[in-house]
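Working notes, structure below.
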Amino acid sequence: MPLTARQRLVLSEAVAEIDTPYPGRSEEGPRWDGLALTIRNRVASRHRAALATGLEEPGPMLSQEQVVQIMTQLVDKGLLTVARGADYTRRVTVTPEGRAALPPPAE
Numbered sequence: 001m002p003l004t005a006r007q008r009l010v011l012s013e014a015v016a017e018i019d020t021p022y023p024g025r026s027e028e029g030p031r032w033d034g035l036a037l038t039i040r041n042r043v044a045s046r047h048r049a050a051l052a053t054g055l056e057e058p059g060p061m062l063s064q065e066q067v068v069q070i071m072t073q074l075v076d077k078g079l080l081t082v083a084r085g086a087d088y089t090r091r092v093t094v095t096p097e098g099r100a101a102l103p104p105p106a107e
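First residue of the sequence shown? That's 1 in the working numbering, and the numbers climb one at a time after it.
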């Protein structure tokens with residue numbers, strides 16, 4: 001199942017955020033809305049930095065709604081899963097298929 005560039009971007013940011021250990025964070029994964037906002041902020045920050053420095057081509061600028069739409073597409077493809085947490089919030093995890101869909105890290 002081929003992914004678009006935007007889907008790959010959101011999936012890689014989701015994996016990076018989910019895999020980053022934070023003290024006191026739930027083992028159930030990050031909240032859906034918080035993950036979408038974090039991804040939007042990271043993408044926007046890189047976009048602004050690229051424009052300011054001119055050292056690289058700026059990537060796409062995504063709104064939170066676009067990130068949520070792409071995350072929903074990734075859930076539909078079986079690359080992300082969403083479950084209700086103990087506090088009734090939507091929690092996101094990455095499936096093994098989602099990890100396999102990412103390109104290998106550059107060395």
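Note that CB positions come from ideal geometry on N, CA and C, so glycine has one too. These figures come from a predicted structure and were not determined experimentally.
If we call anything under 9 Å between Cβ atoms a contact, is residue i one with residue j?
i: MET71; j: LEU35; result: yes
i: TRP32; j: THR95; result: no
i: LEU80; j: LEU3; result: no
Relative to the C-alpha of residue i, which candidate in the options has its C-alpha closest?
i: THR38; options: TYR88, GLN66, THR53 and GLU57; result: GLN66
i: ARG40; options: ALA86, LEU80, LYS77 and GLU13; result: GLU13
i: ARG46; options: ARG99, LEU79 and LEU9; result: LEU9
i: PRO58; options: VAL68, ARG42 and GLN69; result: ARG42
i: ARG6; options: VAL94, THR95, ASP19 and GLN73; result: GLN73
Once DSSP output is grouped into helix, strand and coil, what is the label at residue i?
i: ALA5; result: helix
i: THR38; result: helix
i: THR89; result: coil
i: THR72; result: helix
i: THR53; result: helix
i: LEU11; result: helix
Is it buried or exposed, residue i, if we count other Cβ atoms within 10 angstroms and call 16 or more buried?
i: ARG84; result: exposed
i: VAL92; result: buried
i: GLY98; result: buried
i: GLY54; result: exposed
The ligand HEM heavy atoms versus the CB of residue i: any closer than 8 Å?
i: THR4; result: In the structure on display, the ligand HEM does not appear, and there are no ligands present to speak of.
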